[in-house]
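Numbering (my numbering), first residue to last: 37 to 328.
Glycine is no exception: its CB is placed at the ideal position from the N, C-alpha and C atoms.
On a predicted model such as this, the values are computed, not experimentally measured, just so you know.
One structure is given here, and the rest of the page talks about it.
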Ligand SMILES: [Fe+2]
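This is how it looks when you write it as structure tokens:
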């Protein structure tokens, strides 16, 4: 996308190409990787093709990973896509990868990601200010739940398109620098995070979109403006009411993962089998996937 997206003709060209190229199903975004630590050029190209079309790909590692090897190989895999500047997160172990699991560990206690409860639509790090935005995320499944734990996934560019097609003023309201305020709170990394104020949609100098969104109703202050309220209600219809037909749903199996430019996502609640609890590994990055 170029910054000329403000121009209606340029917007239409970009919009039409985006919708025409968007994958129809989870199967269309799955790519098998023989060895996660050293993806081949063809495997990399297949991942990048999906990431350009819909901001994400689901990879399947042909060789199962476990224990410390999984973390190191996951970091190497991410690095081959330019994802190496992993965020400093207090829930992370020393390598920056966060284990997403049901836990009583003090740094994670009380936060929904570390329970078996459902997670509503969001982008990762939505509570960060614009200067510390999360632009890419990798989520690797070591062990799935015995039931549930399904993700719904959607490229935020689709939401921008639906809003702008509905009414350009609604899309513009979501790019306002004070559109969404997250009040100060103690976040999952244990730090008192200051109030963060920023847009939902931000286009960088190269015209690439960064999105900051949460569907949570509490601890979010939307700009006091009719277009903002209408935009929030419209997005809720698309996502929570699932009126958006391009939402992809998928439950990651062991050895599979999602690599993405921090797309919008949910997680359903899940059940753990005793002794084989759901375990996902997550890395989050300030830069988007190179070449997308
Ligand atoms: Fe998330």
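Any beta strand (DSSP E) of 3 or more consecutive residues that is wholly inside the region 179 to 266: 187 to 190, 216 to 218, 232 to 234, 237 to 239, 245 to 247
For residue 269, which of 109, 91, 152, 250 has the nearest alpha-carbon? Along the chain shown, read from residue 1 onward, the residue named residue 269 stands at position 233. Answer by Cα proximity: 250.
On the DSSP letters alone, give me the boundaries of the alpha helix (DSSP H) that residue 57 sits inside. As a working mapping, residue 57 is identified with position 21 in the chain shown. Per DSSP, residue 57 belongs to the alpha helix (DSSP H) from 44 to 57.
Report all residues from its chain with a CB closer than 6 angstroms to the CB of residue 101; omit the five preceding and five following residues, and keep chain order. Translated into positions along the chain shown, residue 101 becomes position 65. Same-chain partners within the cutoff: 109.
Would you mind stating whether residue 79 and residue 194 have Cβ atoms separated by less than 8 angstroms? The residue given as residue 79 occupies position 43 in the chain shown. The residue given as residue 194 occupies position 158 in the chain shown. Going by C-beta atoms, residue 79 is not nearer than 8 angstroms to residue 194.
According to DSSP, what are the bridge partners of residue 292? Working through the chain shown from its first residue, we reach residue 292 at position 256. Paired residues: 96.
Between the Cα of residue 139 and those of 132, 306, 133, 152, spot the shortest distance and give me the residue it belongs to. Along the chain shown, one-based indexing puts residue 139 at 103. When each option's Cα is compared against that of residue 139, the closest is 152.
Assign residue 221 to one of two classes, buried (16 or more other C-beta atoms within 10 Å of its C-beta) or exposed (fewer than that). In the chain shown, the residue the question calls residue 221 occupies position 185. Classification of residue 221: exposed, given that the 10 Å Cβ count is below 16.
Distance between beta carbons of residue 212 and residue 235, contact taken as under 8 angstroms: Taking the first residue of the chain shown as 1, we reach residue 235 at position 199. Taking the first residue of the chain shown as 1, we reach residue 212 at position 176. About 6 angstroms separates the two Cβ atoms, so the contact holds.
Using only the heavy atoms of ligand 1, determine whether one of them is closer than 7 angstroms to the beta carbon of residue 140. Locating residue 140 in the chain shown gives position 104, where the first residue counts as 1. Answer for residue 140: no, Cβ out of range of ligand 1.
Does DSSP put residue 114 in a helix, in a strand, or in coil? Against the chain shown, residue 114 aligns to sequence position 78. Residue state, collapsed to three classes: helix.
Are the region 178 to 188 and the region 254 to 270 touching by the rule of at least three beta carbon pairs closer than 8 angstroms? no
Could you give the first and the last residue of the continuous beta strand (DSSP E) run that contains residue 136? For the purposes of this step, residue 136 is taken as residue 100 along the chain shown, with counting starting at 1. 134 to 136 is the span of the beta strand (DSSP E), which, as asked, contains residue 136.
Residue 238 versus residue 285: straight-line alpha-carbon distance, rounded: Position 202 of the chain shown, counted from the start, is the residue given in the question as residue 238. Position 249 of the chain shown, counted from the start, is the residue given in the question as residue 285. Rounded to the nearest angstrom, the two C-alpha atoms are 26 angstroms apart.
Identify every residue that forms a DSSP beta bridge with residue 122. On the chain shown, position 86 is the one that residue 122 refers to. 321, per the DSSP bridge assignment.
Just to confirm, is the Cβ distance from residue 334 to residue 247 under 8 angstroms? Given a span of 37 to 328 for the chain in the structure shown, any question on residue 334 remains unanswerable.
Using the rule of at least 16 other Cβ atoms within 10 Å of the residue's Cβ for burial, across every protein chain shown, is residue 74 buried or exposed? On the chain shown, position 38 is the one that residue 74 refers to. So residue 74 counts as exposed.
So the candidates are 324, 313, 85, 322; which of them puts its Cα closest to the Cα of residue 135? The residue given as residue 135 occupies position 99 in the chain shown. It is 313 whose Cα lies nearest to the Cα of residue 135.
Which two residues bound the contiguous alpha helix (DSSP H) that contains residue 101? Taking the chain shown and counting its residues from 1, the one referred to as residue 101 is at position 65. Counting along the chain, residue 101 falls outside any alpha helix (DSSP H), and DSSP gives it neither H nor E.
For residue 232, count neighbouring Cβ atoms within 10 angstroms of its own Cβ and tell me buried if that reaches 16, exposed if not. Along the chain shown, read from residue 1 onward, the residue named residue 232 stands at position 196. With 16 or more Cβ atoms within 10 Å of its Cβ, residue 232 is classed as buried.
Using DSSP with H/G/I as helix, E/B as strand and the rest coil, what is residue 303? Looking up residue 303 in the chain shown gives position 267. Three-state result, residue 303: strand.
Taking only the alpha-carbon atoms, compute the straight-line gap between residue 55 and residue 141 and give it to the nearest angstrom. In the chain shown, residue 55 corresponds to position 19, counting from 1. In the chain shown, residue 141 corresponds to position 105, counting from 1. Cα to Cα, residue 55 sits roughly 43 angstroms from residue 141.
Three or more C-beta pairs under 8 angstroms: does that hold for the region 82 to 96 against the region 41 to 50? no
What does a CB cutoff of less than 7 angstroms around residue 118 pick up in its chain, not counting 5 residues either side in sequence? Counting from 1 along the chain shown, the entry for residue 118 is found at position 82. For residue 118, where only same-chain residues beyond five positions count, the Cβ hits under 7 angstroms are 323, 325, 326.
In this structure, how does DSSP classify residue 283 when only helix, strand and coil are distinguished? As a working mapping, residue 283 is identified with position 247 in the chain shown. If DSSP states are grouped into helix, strand and coil, residue 283 belongs with coil.
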